[in-house]
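Below: one structure, written as structure tokens.
4 protein chains.
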Amino acid sequence: MSYKILEGKKGIIFGALDDQSIAWKTAKTVHDAGGKFILTNAPVALRMGAIKELAEEVGTKVFPADATNLEDLNSLVDFAQTELGGNLDFVLHSIGMSVNVRKGKHYTDLNHDWMQKGWDVSAVSFHKLMQCLYKKDAMNTWGSIVALSYIAAQRTFPNYNDMADNKAYLESIARSFGYFFGKDKKVRVNTISQSPTLTTAGKGVKGLDGFLKYAEEMSPLGNATAEECADYIISLFSDYTRKVTLQNLFHDGGFSNTGVSQDIIDRLMGDS
Amino acid sequence: MSYKILEGKKGIIFGALDDQSIAWKTAKTVHDAGGKFILTNAPVALRMGAIKELAEEVGTKVFPADATNLEDLNSLVDFAQTELGGNLDFVLHSIGMSVNVRKGKHYTDLNHDWMQKGWDVSAVSFHKLMQCLYKKDAMNTWGSIVALSYIAAQRTFPNYNDMADNKAYLESIARSFGYFFGKDKKVRVNTISQSPTLTTAGKGVKGLDGFLKYAEEMSPLGNATAEECADYIISLFSDYTRKVTLQNLFHDGGFSNTGVSQDIIDRLMGDS
Amino acid sequence: MSYKILEGKKGIIFGALDDQSIAWKTAKTVHDAGGKFILTNAPVALRMGAIKELAEEVGTKVFPADATNLEDLNSLVDFAQTELGGNLDFVLHSIGMSVNVRKGKHYTDLNHDWMQKGWDVSAVSFHKLMQCLYKKDAMNTWGSIVALSYIAAQRTFPNYNDMADNKAYLESIARSFGYFFGKDKKVRVNTISQSPTLTTAGKGVKGLDGFLKYAEEMSPLGNATAEECADYIISLFSDYTRKVTLQNLFHDGGFSNTGVSQDIIDRLMGDS
Amino acid sequence: MSYKILEGKKGIIFGALDDQSIAWKTAKTVHDAGGKFILTNAPVALRMGAIKELAEEVGTKVFPADATNLEDLNSLVDFAQTELGGNLDFVLHSIGMSVNVRKGKHYTDLNHDWMQKGWDVSAVSFHKLMQCLYKKDAMNTWGSIVALSYIAAQRTFPNYNDMADNKAYLESIARSFGYFFGKDKKVRVNTISQSPTLTTAGKGVKGLDGFLKYAEEMSPLGNATAEECADYIISLFSDYTRKVTLQNLFHDGGFSNTGVSQDIIDRLMGDS
């Protein structure tokens, strides 16, 4: 699609790491839709990733910022406002990380310092970001803030570990801050609960292949891809969705409301 | 358990068909807990079932009533009040039937007259029953009304057919009528969303065996049995739960909040 | 907005009655976005309404059809396919009516024949419509079907009466049929749960003014208007939302996830 | 009620501070129902509270433990097992605190160190407690673990501040850990979402009086009291509810499923 539905809109995109990232796909899609933006990621991620290449591709700049650091966030927003020439219309928060997942700690044997680190990066960063935007009055009226979440916030998945709890906290922040952003600034705040997606971050989740297969067979439309997620995100940044706020929106091919599919039942009965 | 937690309480139990029925198990459990009650079922079901045997076992009477017929319901409530000596403290609605399921019509090819019949029996009967109880002022303060439901009201299961829609309507009636029963009479109204259970009614659902197996492996505590459901029902009839109302309560070994279990993933990957 | 995001797409819009209708606003918005469509409503509504005027305004035709009548629905779909030259990409179901509401019957004293009539018109019509589309294979791959709902399907509102139960049934149909439409045809099915809206239909709900005020003060972004709903609908018809299905989507300024607003608390405490 | 439904059962009760506490009421109710238990609270709370008086009243002991400290939790569980003579059947987690609430920081201007402190005390403590119980294998089969929550975990309430996010995290922990406790130990884990209650902790929430009044008028059965909550808790500790797990159970007089009450609408329209 090449409709310029974000023409004139300005924003910040967090979390583009490499060409598998949902944030990367979103950056390209926003660009195609006429939006301008600054890319950002943690300094350490920037060293690993290919984000500069992407920045060149879409003619924009990268500003390194640790999303758990209020000073970094303040500098980032200042930079974006200066660079883009005014207040912001959209922000994408696509950040998540669990040290316990990375280090293979089981949920019944967590390291609680690591739990705190993952919580700070994956969830509190969203509060810090919005607090910074709110206090600076950096969002335009009818702006849109979106964070990426996952259905483990509602239902338990054995290997998703403390990321489930982080996503529950993240979605709660969206509601809690969305209230004040709505009442005071006419800005909407939502989370998208996306199908499991084979990003570099997703690869860290043990048993993801088994779960991808399960989700694919469960979902009436199959799993949603990163590209499709980017399309959905720009509909939420656009003016078509101005009164949607405080929501957690499932973008998952119908997985969330499917109790079981015939395919899964057939598999179970076939091998019995 | 032999605690007399329903001592002095009186009620009506709908839907005991044979010794597989949840209503049958509930009748025995209520009896053991000290409650008195009248049993009822449709005249046609009475001819098929063994309900009189149960009535003798628990020392009570059976009053035939078509739950879709207001006159029958009025007579039943009159009979129960006379027989039990006063107003009622508890009512169990355990009624469900889909002609489309019985006749093997696919959800994409329903007979809409049959759809209406199933809706009337499975869902509207609950409204008619409560309207009768409400207008007669037949419930005691802090009484408890319970209907049995199923998670297909929230998520789709390919073979549950129009029963899913009937259960959604039933749960809505619980909320809608529960408001007025609460405000005006201090009576609570809830539904229990029970694990799939191999009752005579359940046997009519095509592919139930596959689904029972799936649910058993998904649920952290395994499927809830009919006996366990009876135990749960009497906790909702008792005075321990006086402020629980307008709820749909999952009694399912944790199925409803489990995204997927490791057992299911292992099965899927094992046969790939 | 004048982006042609529905260019090349064809559909049917049910329920445009007069210039207050959400369906009317949707017709105009779809037209502006480049979509082609047939308008339809019940013959009796056509006599009352101004729908022909609208049809002329957007250069299309009106086909009278009783949405509870399978023959009428079949003729309508045949007509639309012929007139528009091929299969359909979008359908809007915006139909709802309760005889009990119209005649002022209280929820605790319903006429059950009227209850059935309202259920048939407001909910079963959606199943009949989809069954017709499915059996004729009349939808294009990645098509989108939307029905309008209301939060009374989840929570009780004292004057919404049996429309609450009808909306719960409607939303269940969306999930049940959405499964098969997804798996078999790659078509998505969703409901939008819209703010209370002062349409001609809405005016029939007793005490709507009080509720509109309450909802306005509760919702962080205020109530969503009919025009805004039309914008949201076309985002769901567009290719930006291809993997969203089986969902009930709140378009309500945040009402659904607001426990209470400060404005409401202030009002309550101010007059105490 | 004086049924001994917890006869032979042993457990730990966290959070009894003074005679307003839900945990205090629960201790007395568990005692009356025949259960044995150890009381615990943070050393600092013990100095403030009247918990020793309660312990004498119910003939048990108090073991001071900081619920954020794994060593303290381990010592507590050891003590309880020794003192009570074996493994545990029930645990109540009734702990919550927000430094930001106490110090009057607005949600849009939080101190993030305080946010972490409140999260650790209110939510992570529940994970630490269960991890300790799980690793020690300290729960009997069919045991029951309950934590107290609040509906702010689902919907936003302007003054509930970061406690909303903490409760969302707490409820997620119940699901995440409940899966493993269910599969591996046949132990159930649930949260109760209780009406706003005027406890010493509750008094810290700004504007609680306004909200109590609102909730009272919204709820069909009125707000649930602390005593009623204690009754509900023991039903969840008892054998009547063995297959209920991973649930968040609303004990709120119907508040959670009431969209609005007539009383509230009348108030709004009366003062307009």
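The listed protein sequences derive, respectively, from chains S, R, L and F.
All residue numbers for the first sequence refer to the working numbering, where the first residue is 406 and numbers rise by one.
All residue numbers for the second sequence refer to the working numbering, where the first residue is 406 and numbers rise by one.
All residue numbers for the third sequence refer to the working numbering, where the first residue is 406 and numbers rise by one.
All residue numbers for the fourth sequence refer to the working numbering, where the first residue is 406 and numbers rise by one.
We treat Cβ as the ideally placed atom computed from N, Cα and C, and that holds for glycine.
- CB contact flag (Gln-599 of chain L, Leu-553 of chain L, <8 Å): Looking up residue 599 of chain L in the third sequence gives position 194. Looking up residue 553 of chain L in the third sequence gives position 148. Against a cut-off of 8 Å, the Cβ pair of Leu-553 of chain L and Gln-599 of chain L comes out as a contact.
- Bounding residues of the alpha helix (DSSP H) (the contiguous stretch that carries Thr-487 of chain R): On the second sequence, residue 487 of chain R is found 82 positions in, with the first residue counted as 1. Where Thr-487 of chain R is concerned, the enclosing alpha helix (DSSP H) stretches over 475-489.
- Is the shortest distance between the beta-carbon of Val-435 of chain S and the beta-carbons of chain L less than 8 Å? Mapped onto the first sequence, residue 435 of chain S falls at position 30. Judged by the 8 Å Cβ criterion, Val-435 of chain S is not in contact with chain L.
- Message: Per the DSSP calculation, Lys-415 of chain F is bridged to which residue(s)?
- Response: The residue labelled residue 415 of chain F in the question sits at position 10 within the fourth sequence. Lys-415 of chain F pairs with F:Lys-441.
- Query: For the region 557-612 of chain R, which segments carrying the alpha helix (DSSP H) assignment without a break, of at least 4 residues, lie completely within its bounds, in sequence order?
  - Reply: 568-590
- Leu-654 of chain F - DSSP class collapsed to helix/strand/coil: In the fourth sequence, residue 654 of chain F corresponds to position 249, counting from 1. Leu-654 of chain F falls in the strand class under three-state DSSP.
- Message: Determine, for Ala-629 of chain R, whether the minimum Cβ-Cβ distance to residues of chain L falls below 8 Å.
- Response: For the purposes of this step, residue 629 of chain R is identified with residue 224 of the second sequence, where counting begins at 1. Chain L contact via Cβ: absent.
- Query: Roughly how many angstroms lie between the CA atoms of Phe-451 of chain F and Leu-422 of chain F, to the nearest whole one?
  - Reply: Numbered from 1 along the fourth sequence, position 46 holds the residue referred to as residue 451 of chain F. Numbered from 1 along the fourth sequence, position 17 holds the residue referred to as residue 422 of chain F. What sits at residue 451 of chain F in the sequence shown is Leu, not Phe. Looking at the two C-alpha atoms, the distance is approximately 7 Å.
- Query: Where does Ile-670 of chain L fall in DSSP's three states?
  - Reply: As a first step, residue 670 of chain L must be located in the third sequence, where it is residue number 265. Here Ile-670 of chain L sits in helix by DSSP.
- Item | Anticipated Cβ contact below 8 Å, Thr-445 of chain R with Val-467 of chain R, distance rounded | Position 40 of the second sequence holds residue 445 of chain R. Position 62 of the second sequence holds residue 467 of chain R. Going by Cβ atoms, the distance from Thr-445 of chain R to Val-467 of chain R rounds to 7 Å, so yes, they are a contact pair.
- For Thr-487 of chain L, the nearest candidate out of L:Ile-443, L:Tyr-539, L:Lys-588, L:Gln-652 (CA to CA): Position 82 of the third sequence, counting from 1, holds the residue named residue 487 of chain L. The residue with the shortest Cα to Cα distance from Thr-487 of chain L is L:Ile-443.
- Query: When you compare only the Cα positions, how much space is there between Ala-447 of chain F and Asp-424 of chain F?
  - Reply: Start at 1 with the first residue of the fourth sequence, and residue 447 of chain F comes out as number 42. Start at 1 with the first residue of the fourth sequence, and residue 424 of chain F comes out as number 19. Rounded to whole angstroms, Ala-447 of chain F to Asp-424 of chain F spans 16 Å at the Cα level.
- Query: Taking just the CA atoms, how far does Pro-563 of chain R sit from Leu-543 of chain F?
  - Reply: Reading the fourth sequence from its first residue, position 138 is the one you call residue 543 of chain F. Reading the second sequence from its first residue, position 158 is the one you call residue 563 of chain R. Per the sequence shown, the amino acid found at residue 543 of chain F is Ala instead of Leu. Between Ala-543 of chain F and Pro-563 of chain R, the C-alpha separation is close to 41 Å.
- Task: Run down chain F in chain order and give the residues with a C-beta less than 9 Å from the C-beta of Phe-655 of chain L.
- Result: Residue numbering aside, residue 655 of chain L sits at position 250 when the third sequence is read from its first letter. Within 9 Å Cβ-Cβ: nothing; Phe-655 of chain L doesn't reach chain F, min ~12 Å.
- Query: So with Cβ pairs under 8 Å, would you call Asp-542 of chain R a contact of chain F?
  - Reply: Working through the second sequence from its first residue, we reach residue 542 of chain R at position 137. Judged by the 8 Å Cβ criterion, Asp-542 of chain R is not in contact with chain F.
- Task: Say yes only if the C-beta of Gln-425 of chain F is nearer than 7 Å to one or more non-hydrogen atoms of the ligand MN, and no if none qualify.
- Result: As presented, the structure is devoid of all ligands, the ligand MN included, so that no description of it is given.
- Message: Within 8 Å, do at least three Cβ pairs link the region 582-596 of chain L to the region 615-635 of chain L?
- Response: no
- Determine, using beta carbons only, whether Met-502 of chain S and Ser-527 of chain S come nearer to each other than 8 Å. To locate residue 502 of chain S, count along the first sequence from 1; it is residue 97. To locate residue 527 of chain S, count along the first sequence from 1; it is residue 122. Closer than 8 Å, so yes.
- Query: Roughly how many angstroms lie between the CA atoms of Lys-541 of chain F and Leu-534 of chain F, to the nearest whole one?
  - Reply: Within the fourth sequence, numbered from 1, the residue matching residue 541 of chain F stands at position 136. Within the fourth sequence, numbered from 1, the residue matching residue 534 of chain F stands at position 129. The alpha-carbon atoms of Lys-541 of chain F and Leu-534 of chain F are separated by roughly 11 Å.
- Span of the alpha helix (DSSP H) around Met-520 of chain L: Your numbering for residue 520 of chain L matches position 115 in the third sequence. Residues 517-524.
- Query: What residue does the beta strand (DSSP E) around Met-406 of chain R start on, and which one ends it?
  - Reply: For the purposes of this step, residue 406 of chain R is identified with residue 1 of the second sequence, where counting begins at 1. First-last for Met-406 of chain R: undefined, no H or E at that position.
- Query: Count the other CB atoms within 10 Å of the CB of Gly-523 of chain F; is the residue buried (16 or more) or exposed (fewer)?
  - Reply: Reading the fourth sequence from its first residue, position 118 is the one you call residue 523 of chain F. Looking at its Cβ environment, which holds 16 or more other Cβ atoms inside 10 Å, Gly-523 of chain F is buried.
- Item | CB contact check: Arg-593 of chain R to chain C, cutoff 8 Å | Looking for chain C here will not work: the only protein chains present are S, R, L and F.
- Does the region 407-414 of chain R come within contact of the region 581-588 of chain R, defined as at least 3 CB pairs closer than 8 Å? no
- Task: Could you spell out the range, first to last residue, of the beta strand (DSSP E) harbouring Asn-639 of chain R?
- Result: Residue numbering aside, residue 639 of chain R sits at position 234 when the second sequence is read from its first letter. Contrary to the premise, residue 639 of chain R reads as Ile rather than Asn in this sequence. Ile-639 of chain R -> not in any beta strand (DSSP E); alpha helix (DSSP H) instead, spanning 631-642.
- Query: Since Ala-460 of chain F is in the alpha helix (DSSP H), which residue starts that stretch and which ends it?
  - Reply: As a working note, residue 460 of chain F is residue 55 in the fourth sequence. Start and end: 456-462.
- Message: Give me the subset of the region 408-423 of chain F whose CB atoms are less than 8 Å from a CB atom of chain R, sorted by chain position.
- Response: Tyr-408, Lys-409, Ile-410
- Message: Rounding to the nearest angstrom, what Cα-Cα distance links Asp-668 of chain F and Leu-673 of chain L in this structure?
- Response: Within the fourth sequence, residue 668 of chain F is the residue found at index 263, counting from 1. Within the third sequence, residue 673 of chain L is the residue found at index 268, counting from 1. Distance between the alpha carbons of Asp-668 of chain F and Leu-673 of chain L: 11 Å.
- Grab the span of the alpha helix (DSSP H) containing Asn-505 of chain S for me, first residue to last. Position 100 of the first sequence holds residue 505 of chain S. It spans 504-507 - the alpha helix (DSSP H) in which Asn-505 of chain S sits, taken as one unbroken run.
- What is the rounded straight-line gap between the Cα of Asp-471 of chain F and the Cα of Val-449 of chain F? Along the fourth sequence, read from residue 1 onward, the residue named residue 471 of chain F stands at position 66. Along the fourth sequence, read from residue 1 onward, the residue named residue 449 of chain F stands at position 44. Their backbone Cα atoms lie some 9 Å apart in a straight line.
- Query: Taking 8 Å as the CB-CB limit, is Leu-493 of chain F close to chain L?
  - Reply: Numbered from its first residue, the fourth sequence carries residue 493 of chain F at position 88. Taking Cβ atoms only, chain L never reaches closer than 8 Å to Leu-493 of chain F, which makes this a no.
- Using a beta-carbon distance cut-off of less than 8 Å, what residues from the region 497-516 of chain F approach chain S? Tyr-512, Thr-513, Asp-514, Leu-515
- Message: Is it buried or exposed, Asp-567 of chain S, if we count other Cβ atoms within 10 angstroms and call 16 or more buried?
- Response: Here residue 567 of chain S corresponds to residue number 162 of the first sequence, with the count starting at 1. Counting Cβ neighbours within 10 Å, Asp-567 of chain S comes out buried, since at least 16 surround it.
- When you compare only the Cα positions, how much space is there between Asp-570 of chain S and Ile-500 of chain S? For this step, residue 570 of chain S is matched to residue 165 along the first sequence. For this step, residue 500 of chain S is matched to residue 95 along the first sequence. One C-alpha to the other measures close to 14 Å.
- Item | Backbone secondary structure at Gly-548 of chain R - three-state DSSP | Stepping through the second sequence from its first residue, residue 548 of chain R is reached at position 143. Looking at Gly-548 of chain R - three-state DSSP - the assignment turns out to be strand.
- Going by beta carbon distance, what residues of the same chain come within less than 7 Å of Asp-477 of chain L, once the five residues before and after it are set aside? Counting from one through the third sequence, the residue named residue 477 of chain L turns up at place 72. Contacts found: Ala-470, Asp-471.
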